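Student:
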Amino acid sequence: MSKKLTVLAAATHPDDVEVDCAGTLIRYVKEGHKVYIAIACTGNVGSKIHTGPEIEAIRAIEAQKGADVIGAELIHWDFKDAEVWLNDTTWKRYVDLIRMTNPDVIITMERDEYVHDHTNVGELAYRAAIWASTANIPGTEYPPIDHIPTVFRMETTGTYRNAPPDYYVDITNEFEQKLEAFKQHASQHGDFLEKQFGVKDWNEYISVVNKLRGFQCGCKYAEAFRMVNTWPNQKAYRLLPPVQYGTED
Ligand SMILES: [Zn+2]
């Protein structure tokens, strides 16, 4: 496909994208497409040693560094963790986000998530995608876009078992850069993720999941997605980066 795409990764917390779909975003960037990362929450609960304001400030810097490694433009909102709710005001914020970024592809959170702010961001981004192209929505700032973006759901820690993927992206050549992006979230390594979830080495989790998905689709490392296939989001052509044949290793 020669058309250059705009991609919006609508995530909840500062490191969601790095864990779940950074390899795919890096591929988009490498192929000349425009990528936005929109993070809803500050990450204020993501520490057991820092105060809320302290960890928010740390994670804002980490999120920017992660986006820089990926090559994406970062939009970081100020919802507190767990405080993204399905309401009119927040839904209109997502309508305006989609209008402002004008994406062809939206990659967002899964539905049946382990935390409700993941689920709600996924629902809001999906439910705003169609309406971003309609006129006369009161209280919105940006004009309607001229198309309906296709929505994919990234595979997350909480859903990899109960939401079988239907799209795979070969990230073998992007895997090290993905780990480098995740490395920028230093506050989450050895502190929060281990103390909260008992996972000492999150890089190992990423490696295991991406290797499993790679095994399933015939490459070394892959990320997995599910397309929202409700009318009229889906298209008759592929919008995720295609598999590279002849990948080394
Ligand atoms: Zn998260």
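Residue numbers for the sequence shown follow my numbering, beginning at 1491 and rising by one. We put the CB at the ideal spot given by N, CA and C, even for glycine. Since the structure is predicted, the reported quantities are computational estimates derived from the model, not experimental observations.
Counting only runs that start and end within the stretch 1570-1617, where is the beta strand (DSSP E) found for 3 or more residues in a row?
Tutor: The stretch 1570-1617 contains these whole beta strand (DSSP E) runs: 1595-1598.
Student: Is it right to say T1580 is buried, meaning 16 or more other beta carbons lie within 10 angstroms of its own, or is it exposed?
Tutor: Looking up residue 1580 in the sequence shown gives position 90. So T1580 counts as buried.
Student: Taking any heavy atom of ligand 1 as the mark, which residues have a C-beta closer than 5 angstroms to it, listed down the chain?
Tutor: Qualifying residues come out as T1502, H1503, D1506.
Student: Using only the alpha-carbon positions, how far apart do G1736 and D1656 sit?
Tutor: Here residue 1736 refers to the residue found at position 246 of the sequence shown. Here residue 1656 refers to the residue found at position 166 of the sequence shown. The predicted model places G1736 with a pLDDT of 44, which falls under 50 and marks its position as unreliable; any figure quoted below should be read in that light. So the two alpha carbons sit approximately 22 angstroms from each other.
Student: May I ask you to verify whether the stretch 1588-1602 touches the stretch 1628-1637, counting CB pairs closer than 8 angstroms and requiring at least 3?
Tutor: They touch, by the three-pair rule.
Student: Comparing C-alpha positions only, which one of A1528, G1648, N1610 sits nearest to A1572?
Tutor: Stepping through the sequence shown from its first residue, residue 1572 is reached at position 82. When only C-alpha atoms are compared, the closest one is N1610.
Student: Compare the beta carbon distance of S1555 and K1524 with 8 angstroms and say whether it is the shorter of the two.
Tutor: Looking up residue 1555 in the sequence shown gives position 65. Looking up residue 1524 in the sequence shown gives position 34. According to the sequence provided, residue 1555 is Lys. The question's Ser does not apply to it. Taking 8 angstroms as the Cβ cut-off, K1555 and K1524 do not qualify as a contacting pair.
Student: Please return the same chain residues whose Cβ sits closer than 8 angstroms to the Cβ of N1719, not counting the five positions on each side in sequence.
Tutor: Walking along the sequence shown from the start, residue 1719 turns up at place 229. Excluding sequence neighbours, N1719 sits near nothing in its chain.
Student: Give the DSSP-derived three-state secondary structure of I1638 in the structure shown.
Tutor: Within the sequence shown, the letter at position 148 stands for residue 1638. If DSSP states are grouped into helix, strand and coil, I1638 belongs with coil.
Student: What number of angstroms, rounded off, separates the C-alpha of T1532 from the C-alpha of T1514?
Tutor: Counted from its first residue, the sequence shown places residue 1532 at position 42. Counted from its first residue, the sequence shown places residue 1514 at position 24. Between T1532 and T1514, the C-alpha separation is close to 23 angstroms.
Student: Check Y1695 in the structure and name its three-state DSSP category.
Tutor: As a working mapping, residue 1695 is identified with position 205 in the sequence shown. Three-state result, Y1695: helix.
Student: Confirm, please, whether the CB-CB distance from A1530 to I1597 is below 8 angstroms.
Tutor: Position 107 of the sequence shown, counting from 1, holds the residue named residue 1597. Position 40 of the sequence shown, counting from 1, holds the residue named residue 1530. Not in contact: I1597 and A1530 (Cβ atoms no closer than 8 angstroms).
Student: From R1549, F1687, D1660, pick the residue whose C-alpha is nearest to that of D1505; which is it?
Tutor: Locating residue 1505 in the sequence shown gives position 15, counting from the first residue. Checking every option, the nearest Cα to that of D1505 belongs to R1549.
Student: Please name the residue in E1603, A1557, F1569 whose C-alpha comes closest to that of Q1674.
Tutor: One-based indexing of the sequence shown puts residue 1674 at position 184. Nearest C-alpha to Q1674: A1557.
Student: For the putative contact between D1586 and T1630, defined by C-beta atoms under 8 angstroms, what is the C-beta separation to the nearest angstrom?
Tutor: Indexing the sequence shown from 1 puts residue 1586 at position 96. Indexing the sequence shown from 1 puts residue 1630 at position 140. Going by Cβ atoms, the distance from D1586 to T1630 rounds to 5 angstroms, so yes, they are a contact pair.
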